[in-house]
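As structure tokens, the structure follows; a few thoughts come after it.
Residue numbers (full-length UniProt numbering): 1 to 114.
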């Protein structure tokens, strides 16, 4: 997982930020997320007053940027990490994400203010 996460971080432009947000949201959410929920959350910019719909990537782009770490279950329409060991890895390496619950709360509050 370390090698894949390093490859994700090395992606150019906004792809890296997008792709690193995916495992953070999935691994720290209280419940499995729908594709549109994940994409909507990842599209929020914290310092803006309006939601820019152009910042919301498609689930296809989001999954592709994640380099195989996530999958969409078509039967439940939920986004999941590719394996439960990835969840364990992410929680065993807390330095991967800086204050994930605070970030998620900030995104949710920002979204509610749109």
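No residue lacks a Cβ here, since even glycine has one placed at the ideal position from N, Cα and C.
Residue 1 is a Cβ neighbour of residue 86, given a cutoff of 8 Å. Of the candidates 48, 81, 31, the residue whose Cα lies closest to the Cα of residue 20 is 81. Around the C-beta of residue 95, fewer than 16 other C-beta atoms lie within 10 Å, and the residue is accordingly described as exposed. Non-local beta-carbon contacts of residue 24 in its own chain, meaning distances under 7 Å to residues more than five positions away in sequence, involve 97, 100 in chain order. For residue 71, the enclosing beta strand (DSSP E) stretches over residues 70-73. For residue 22, the uninterrupted alpha helix (DSSP H) run begins and ends at 14-28, by DSSP. Straight through space, the alpha carbons of residue 44 and residue 6 are spaced by roughly 24 Å. Rounded to the nearest whole angstrom, the CA to CA distance from residue 70 to residue 63 is 6 Å.
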